[in-house]
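Taking the working numbering, I'd label the letters of the sequence shown as residues 1 to 255.
Cβ atoms here follow ideal geometry from the backbone N, Cα and C, with glycine treated the same way.
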Amino acid sequence: MLHIHNVIKSYQDLEAVKGINLEVPKGEIFGFLGPNGAGKTTTIKMIVGLLKPTSGTISIGGFDIGRQAIEAKSILGYIPDRPFIYEKLTGREYLGFIADLYNMNAADIAERIQKYLDFFDLTEAGDKLVEGYSHGMKQKLIISGALLHDPQLVVVDEPMVGLDPKGARQVKQLFRDLCQKGTTIFMSTHSLGIAEAMCDRIGIIQKGEVIALGTLKELRKQADRDHENLEDLFMELTGDTHLEQLSGMMAAASS
Ligand code: ATP
């Protein structure tokens with residue numbers, strides 16, 4: 001469903017993404033993890049066509065995001081980490097606007113909008129201006145907008161930010177249901193618990209390179225650690241041991 005082939009992205013003299021290759025099959029939930037500044041958002045922006053790779057190719061469902069942008073974007077849903085919403089629209093109007101962008105069938109639009117408003121308990125808020133929404137309500141609206149046209153690939157940068165526990169559970173359930181129906185999800189997150197609970201496979205990027213790739217079991221094997229949780233594996237694989245050193249130093253200082 002998603003092919004990333006030898007993709008490089010340079011910002012002036014910084015090579016932020018250094019020739020990565022990834023393939024994500026239909027129906028998979030793929031977790032994209034990495035320390036701050038590793039290149040996750042840069043990669044995501046190239047997948048969804050917001051940034052042009054310096055070299056390499058990306059295709060979605062067989063469509064090249066550079067050369068067949070309309071076809072690729074028509075089967076793509078993107079949930080950014082810092083979304084933009086027109087605040088002077090009501091939630092329902094915002095979703096109607098998104099549906100029009102995707103040329104959705106007019107007969108389906110009202111029904112699908114209502115389905116998502118109901119799912120996220122936004123039915124009443126749906127007729128109020130977005131400017132009065134809380135952060136979590138806006139996030140739910142953004143997620144609804146990204147899923148409205150039934151995309152085949154959903155790309156999510158930090159899906160649970162701003163959601164309360166019920167909202168987070170609703171989104172997890174929604175993503176699982178979508179994958180059961182064959183939708184593919186590419187998700188970047190710093191929440192290792194979410195990645196561990198939800199993702200079929202995980203890729204870890206560090207300094208622009210994919211340094212580990214596979215199921216949790218395969219990552220454990222790669223790190224030669226049988227029983228470690230994802231947090232410990234992440235520290236091990238990224239060599240990020242300064243936190244452990246820091247807690248050791250604090251313990252020594254307080255004793
Ligand atoms: P985080 O977890 O902190 O969000 P990330 O993995 O998403 O980080 P990116 O935002 O992709 O990381 O950044 C990768 C590298 O590219 C960083 O060194 C960052 O400073 C640099 N970078 C990102 N955007 C730009 C830009 N527009 N111009 C120059 N450098 C940039």
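Grab me the residues of residue i's own chain with a C-beta within less than 8 Å of its C-beta, minus the 5 sequence neighbours each way, in chain order.
i	result
residue 257	Shown here, the chain extends from 1 to 255; a query on residue 257 therefore has no answer.
residue 130	85, 86, 87, 88, 89, 90, 91, 94, 138, 141
residue 136	162, 163, 164, 167
Just mark residue i as buried or exposed, buried being the case when its beta carbon has 16 or more other beta carbons within 10 Å.
i	result
residue 217	exposed
residue 247	Its pLDDT being 48, under 50, residue 247 is placed unreliably in this model, and the value from its coordinates should be taken loosely. Residue 247 comes out exposed.
residue 173	exposed
residue 32	buried
residue 12	exposed
residue 180	exposed
residue 92	buried
residue 166	exposed
residue 26	exposed
residue 39	buried
residue 99	buried
residue 14	exposed
residue 208	buried
residue 107	exposed
Can you list, in chain order, the residues of its chain with a C-beta nearer than 7 Å to that of residue i? Leave out the 5 residues immediately preceding and following it.
i	result
residue 24	1, 2, 30, 184, 186
residue 230	192, 195, 196, 216
residue 45	51
residue 48	76, 78, 155
residue 160	168, 171, 191, 194
Would residue i pass as a contact of residue j if the rule is Cβ separation under 8 Å?
i	j	result
residue 122	residue 141	yes
residue 188	residue 158	yes
residue 60	residue 75	yes
residue 206	residue 35	yes
residue 5	residue 41	no
residue 203	residue 154	no
residue 79	residue 156	yes
residue 109	residue 126	no
residue 120	residue 170	yes
residue 144	residue 116	yes
residue 28	residue 200	yes
What does a CB cutoff of less than 6 Å around residue i pick up in its chain, not counting 5 residues either side in sequence?
i	result
residue 43	17
residue 178	none
residue 249	Unreliable positioning characterises residue 249 in this predicted model, as indicated by a pLDDT of 49, which lies under 50. The coordinate reading is nonetheless provided below. Hits under 6 Å: none found.
residue 71	63
residue 213	203
residue 81	157, 158
residue 19	6, 8
residue 132	none
For the ligand NAP, any of its heavy atoms closer than 7 Å to the Cβ of residue i?
i	result
residue 163	Inclusion of the ligand NAP in the displayed structure is not the case, the ligand content consisting of the ligand ATP alone.
**Message:** Which complete beta strand (DSSP E) runs does the segment 76-110 hold, if anything under 3 residues is left out?
**Reply:** Listed in chain order, they are 76-79.
**Sequence ranges, beta strand (DSSP E) only - wholly within the segment 172-203, length at least 3** = Here the runs fully enclosed are 184-188.
**Chain-ordered residues, beta carbon under 6 Å from a heavy atom of the ligand ATP** = The set, ordered by position in the chain, is 11, 14, 16, 34, 36, 37, 38, 39, 40, 41, 42.
**Message:** Ignoring anything shorter than 4 residues, give me the alpha helix (DSSP H) runs that lie fully in the segment 44-68, in order along the chain.
**Reply:** The qualifying runs do not exist here; there are none.
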